[in-house]
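Chemist: Numbering (my numbering), first residue to last: 4 to 139. C-beta: ideal position from N, C-alpha, C; glycine also.
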Amino acid sequence: MGTNKYYSGSTYKDKSADGKFIYEYLIFQGLYRELLELSQEIIKSLENTGNNLNSIILLKGRGLVGTGQLREACQVFEELRANATEGSEIYIEATVRLATAQIQAGRYSEGRNLDNALILIRKLSENNLSIDFQKF
4 MGTNKYYSGS TYKDKSADGK FIYEYLIFQG LYRELLELSQ EIIKSLENTG
54 NNLNSIILLK GRGLVGTGQL REACQVFEEL RANATEGSEI YIEATVRLAT
104 AQIQAGRYSE GRNLDNALIL IRKLSENNLS IDFQKF
């Protein structure tokens with residue numbers, strides 16, 4: 004993509020954006036196809052490195068939702084939930100995104116995952132554990 008982009012930990016950044024994450028820009032601009040392509044490129048290049056790619060896989064799911072590929076997005080979010088520790092931030096976000104994708108796809112009875120995510124969030128807040136709600 005360009006020479007100003009780099010991978011740091013679990014975050015893909017753009018050096019020229021004054022510390023802003025490139026995915027935020029792509030989402031804000033509605034550039035979901037580009038988000039999907041970028042996330043797939045990162046996953047492909049780092050899949051055998053042993054790095055935790057859950058946050059990048061989550062962005063892939065968001066790109067799939069934004070491009071209308073709801074069935075594939077649901078599969079991505081379901082796999083993330085299956086591989087994440089229950090109650091972890093990635094698990095909760097994948098659960099919320101799964102539920103919203105299911106609802107968008109007209110699978111209303113499966114959208115109950117949103118209730119499950121809200122229960123987990125409430126439990127976290129009761130135990131004074133923090134989560135970045137701006138992601139949702």
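Terminal residues of the continuous alpha helix (DSSP H) containing A87?
Modeler: In the sequence shown, residue 87 corresponds to position 84, counting from 1. Looking at the DSSP string, A87 is not in any alpha helix (DSSP H), and its letter there is neither H nor E.
Chemist: Using three-state DSSP, classify T70 as helix, strand or coil.
Modeler: Here the question's residue 70 lines up with position 67 in the sequence shown. DSSP, reduced to helix, strand and coil, places T70 outside both helices and strands of the structure shown, so it counts as coil.
Chemist: Just to check my reading of the structure: A104 and F80 have Cβ atoms closer than 8 angstroms, yes? What is that Cβ distance to the nearest angstrom?
Modeler: Locating residue 104 in the sequence shown gives position 101, where the first residue counts as 1. Locating residue 80 in the sequence shown gives position 77, where the first residue counts as 1. Between A104 and F80 the beta-carbon gap is near 6 angstroms, inside 8 angstroms, which marks them as a contact.
Chemist: Given this structure, state the Cα-to-Cα distance separating G33 from G69, to the nearest angstrom.
Modeler: Position 30 of the sequence shown, counted from the start, is the residue given in the question as residue 33. Position 66 of the sequence shown, counted from the start, is the residue given in the question as residue 69. The straight-line gap from Cα to Cα measures roughly 8 angstroms.
Chemist: Reducing DSSP to helix, strand and coil, say where A108 ends up.
Modeler: The residue labelled residue 108 in the question sits at position 105 within the sequence shown. Three-state DSSP puts A108 in coil, outside helix and strand.
Chemist: Answer yes or no: do Y28 and G66 have a C-beta to C-beta separation smaller than 8 angstroms?
Modeler: In the sequence shown, residue 28 corresponds to position 25, counting from 1. In the sequence shown, residue 66 corresponds to position 63, counting from 1. At a Cβ-Cβ threshold of 8 angstroms, Y28 and G66 do not count as neighbours.
Chemist: Select from K63, A85 and R84 the residue whose C-alpha is nearest the C-alpha of E75.
Modeler: Working through the sequence shown from its first residue, we reach residue 75 at position 72. The option with the nearest alpha carbon to E75 is K63.
Chemist: Under the three-state reduction of DSSP, which class applies to T52: helix, strand or coil?
Modeler: By 1-based counting over the sequence shown, the position of residue 52 is 49. Residue state, collapsed to three classes: coil.
Chemist: Helix, strand or coil for K47 per DSSP?
Modeler: Reading the sequence shown from its first residue, position 44 is the one you call residue 47. K47 falls in the helix class under three-state DSSP.
Chemist: Quick one, which of G53, I59, S48 and K47 has its alpha-carbon nearest L38's?
Modeler: On the sequence shown, position 35 is the one that residue 38 refers to. Nearest of G53, I59, S48 and K47 to L38, Cα basis: I59.
Chemist: Would A120 and T98 be called neighbours here (beta carbons separated by less than 8 angstroms)?
Modeler: Here the question's residue 120 lines up with position 117 in the sequence shown. Here the question's residue 98 lines up with position 95 in the sequence shown. Yes, the Cβ-Cβ distance between A120 and T98 is below 8 angstroms.
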